[in-house]
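In case it helps, mature numbering (1 follows the signal peptide of the UniProt record, and there is no 0) puts the sequence shown at residues -33 to -1, 1 to 436.
We put the beta carbon where it would ideally sit given N, CA and C, even for glycine.
Quick notes on the structure that follows.
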Amino acid sequence: MARNEGRHRVPRRTKIATLALGMALAAAGVTFATTAGDPGQAGADEVDPAFFVDITTVAPNVTEVRPNRRASTGTFTVDCGRNENGHFNPDNFIAQPGVRNGAQHLHDYVGNLSTNADSTNESLLRAGTTCRNGDKSTYFWPVLRIDREDEEEANEPEDAAGLAAQRAAAEETEDVTQVECPDVASQLEEVPDAAMEAVDAELEALDQQEATADEQIAADPTQEAAVLEPLRQQRSASMERISQATGQQLDQAQAGCAIEDAQRRGIPDGDENGEGDDAEEPPADDNSEIGGNDGEIQRPESVNLTFRGSPVGPVRAMPKFLRVLYGDAKQGTNGPKNARASWTCTGFEDRLIDQYPICPEGSKVERIHDFPSCWDGRNIDSANHRDHIVFPEADGRCQRGFRAVPQLRVTLVYDVPRDVQVAGQYKVDSFPEESHNPKSDHDDFANVMSQRIMNRLVWCVNRDRTCSE
């Protein structure tokens, strides 16, 4: 089917004129919408011109908490590419575990190669990664598209064979019994420089011990006691050596492991964050169009994944399999509480807006996603996927009962032609009811780093180093 068949199109000349009018009215303090027809469906393809603003008319609005003398000011950047392998799907295993097309829009992935609706901790751990340092974490956000009026787009088609392979790989692990052990790295406070080598070796040993136990229990699930008791003894010995090296007393109760429920898919969404209702995955057409999200997918010109510290003190390690959300894909339904201003232009990072920016010549469209970084110290997820990890207070401190962990900043830069920006012809994928509202921009992260990589990350941040892998 041709891309435009059955869809209402506004002539490009009209769109440009309407955009100019919209910007003029917006400058006068007047808000308006230019959608027509059924309000529930209007604007599913076209973008409201009021969503666009000239970035040069926006005053600087970004303020950073001034670091105190105990601040952790280092950074740790992971190179996971720009999704050169074309890993796209309309899933979200965090908000809608096991629900195919749970997002109803296309996500762009870097990091873990297997991420889809059926992902589990085990399937993520067994998969490959695009990250150069072996980080198996998954990082994903809605794609950005250009939708020029009445043009056929040479889009990147969804790799149906690749997606089928992802599904199959996840399903292979669905019924595999596995061992689940408490995270040790997240127990540690600052590791002395002299102890780093010994701690790294023991953390790597802990990961290998668990992997070996996984293989043993998968081969014969009836041998639970025969696997778990030796594993507990090995872990206890490694934890004792870490305690001796660091001078920190670890909770030996954390040496014990358990058998994970093979059917567990995660915590279903509590209807707050939302990804969509349970539905069969629709076939993508030749242009990877999903649920009214059409146009040419834009691969980011650059993807920067950087973990930062806290302005008020050192950070602790994130636990393995921690889930973290940024923004709100359904802010129109849920309200503005969790929505974040994400948009700017290169060279204008001192101002972030919740509209699509129109950048001056020589500047490029940019999305900046700063994730929450205060963890409750216990849970890797929660019913609304937010209560277990929250943003710091205005002074940079974590609320009582929470501890600072490295803050992930995802920075995406796009080479969107300026005439496309002025014409209002670029947009982010969204739920149909969001009508591509830039306020619905969001991002998802699940930590699948080895404990050794995480320990290295924390050391770099707390030692005020600039590390890149």
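List the endpoints of the continuous beta strand (DSSP E) containing N79. No residue range can be given for N79, since it is assigned to no beta strand (DSSP E) and is classified by DSSP as neither H nor E.
Rounding to the nearest angstrom, what Cα-Cα distance links D167 and E191 in this structure? A straight line joining the alpha-carbon of D167 with that of E191 spans about 28 Å.
Taking the DSSP output, what are the residues bridged to T40? When DSSP reads this structure, T40 sits in no beta bridge, so it has no partner.
Quick check on DSSP: helix, strand or coil for L155? Taken through DSSP and simplified to helix, strand or coil, L155 comes out as coil.
Using beta-carbon positions only, say whether L41 and D337 come within less than 9 Å of one another. This sequence places Gly at residue 41; Leu is not what is there. Contact flag unset, no.
Burial state of E169, where buried means 16 or more other Cβ atoms lie within 10 Å: Buried: at least 16 other Cβ atoms inside 10 Å.
C-alpha distance - F60 paired with D85, whole-angstrom precision: The alpha-carbon atoms of F60 and D85 are separated by roughly 7 Å.
Euclidean distance between Cα positions of L292 and V395: When rounded, the separation of the alpha-carbon atoms in L292 and V395 is 17 Å.
Can you tell me the Cα-Cα spacing of residue 437 and N28, whole angstroms? Because the chain in this structure spans residues -33 to 436, residue 437 falls outside the shown range and cannot be described.
Going by other Cβ atoms of all chains shown within 10 Å of its Cβ, with 16 needed for buried, is G(-5) buried or exposed? In this predicted model, G(-5) has a pLDDT of only 35, less than 50, meaning its place in the structure is not dependable; the value taken from the coordinates is given anyway. Counting Cβ neighbours within 10 Å, G(-5) comes out exposed, since fewer than 16 surround it.
So A152 packs on A306, CB below 8 Å; how close in whole Å? Not quite, the Cβ-Cβ distance comes to about 32 Å (not below 8 Å), so this is no contact.
How many angstroms separate the CA atom of H74 from the CA atom of G101? A straight line joining the alpha-carbon of H74 with that of G101 spans about 22 Å.
Contacts around K304, its chain only, beta-carbon distance under 8 Å, and the 5 residues preceding and following it disregarded: The residues are D295.
Local Cβ density within 10 Å of A62, reported as buried at 16 or more and exposed below that: Burial is judged here by how many other beta carbons sit within 10 angstroms of a residue's own beta carbon; A62 has at least 16 and is buried.
For L92, which residues in the same chain have their Cβ closer than 7 Å to its Cβ, ignoring the five residues on either side in sequence? Correct list, in chain order: K103, V415.
Would you kindly report the start and end of the unbroken beta strand (DSSP E) that includes residue 437? One cannot answer for residue 437 here, as it falls past the ends of the chain, which runs -33 to 436.
Looking at C-alpha atoms only, which residue of D382, N88, Q211 is the closest neighbour of E328? Ranking D382, N88, Q211 by Cα distance to E328 puts D382 first.
Touch test, the region 201 to 210 against the region 168 to 182, Cβ-Cβ under 8 Å, three pairs minimum: Yes, they touch.
I184 (DSSP reduced to helix, strand or coil): DSSP, reduced to helix, strand and coil, places I184 within a helical segment of the structure shown.
For A94, is the classification buried or exposed, using 16 other Cβ atoms within 10 angstroms of its Cβ as the cut-off for buried? So A94 ends up on the buried side.
If you reduce the DSSP assignment to three classes, tell me which class V406 lands in. In the sequence as presented, Val is not what sits at residue 406; that position holds Lys. Assigned with DSSP and collapsed to three states, K406 falls in helix.
Would you mind working out which of T273, T24, T433 sits nearest C47, comparing C-alpha positions? Answer by Cα proximity: T273.
With H, G and I counted as helix, E and B as strand and the rest as coil, what does DSSP make of L173? Look at L173 here: in three-state DSSP terms it is helix.
G280 and A371 closer than 9 Å at C-beta: Contact check for G280 against A371 passes: the beta carbons are separated by less than 9 Å.
V387 - DSSP class collapsed to helix/strand/coil: DSSP, read as helix, strand or coil, puts V387 in helix.
Status (buried if at least 16 other CB within 10 Å, exposed otherwise) for Q392: Burial is judged here by how many other beta carbons sit within 10 angstroms of a residue's own beta carbon; Q392 has at least 16 and is buried.
Own chain residues within Cβ distance below 7 Å of P405, not counting five before or after: Annotation for P405: F18, W310, D321, Q322, Y323, V395 place their beta carbon closer than 7 Å to its own, counting only its chain and skipping 5 residues before and after.
For residue 444, which of helix, strand or coil comes out of DSSP? The chain is shown from -33 up to 436; residue 444 falls before or after that span and cannot be answered.
Using only alpha-carbon positions, find the residue among V357, R345, R99 that is nearest to P339. Of the candidates V357, R345, R99, the one whose C-alpha sits nearest the C-alpha of P339 is V357.
Let me know if E156 comes out buried or exposed under the rule of 16 or more other beta-carbons within 10 Å of its beta-carbon. That one is exposed.
Shortest alpha-carbon distance to E171 belongs to which of C341, N429, S417, V110? Comparing Cα positions, the closest option is S417.
Hey, would you say F398 sits closer than 9 Å to H72, going by beta carbons? A contact, by the Cβ cut-off of 9 Å.
Inter-residue spacing [alpha-carbon to alpha-carbon] between N429 and V387: Each residue's alpha carbon lies about 43 Å from the other.
So, is A26 buried or exposed, given that buried needs 16 or more other C-beta atoms within 10 angstroms? The residue is exposed, with fewer than 16 neighbouring Cβ atoms inside 10 Å.
Return the Cβ separation of R49 and R266 in integer angstroms, given the expectation that the two are a contact with Cβ distance under 8 Å. Right, their Cβ atoms sit about 6 Å apart.
Can you name, in chain order, every residue of its own chain whose Cβ lies under 6 Å from the Cβ of R419, other than the five neighbours on each side? Around R419, the same chain offers D167, L170, E171 as residues with beta carbons nearer than 6 Å, after the five sequence neighbours per side are excluded.
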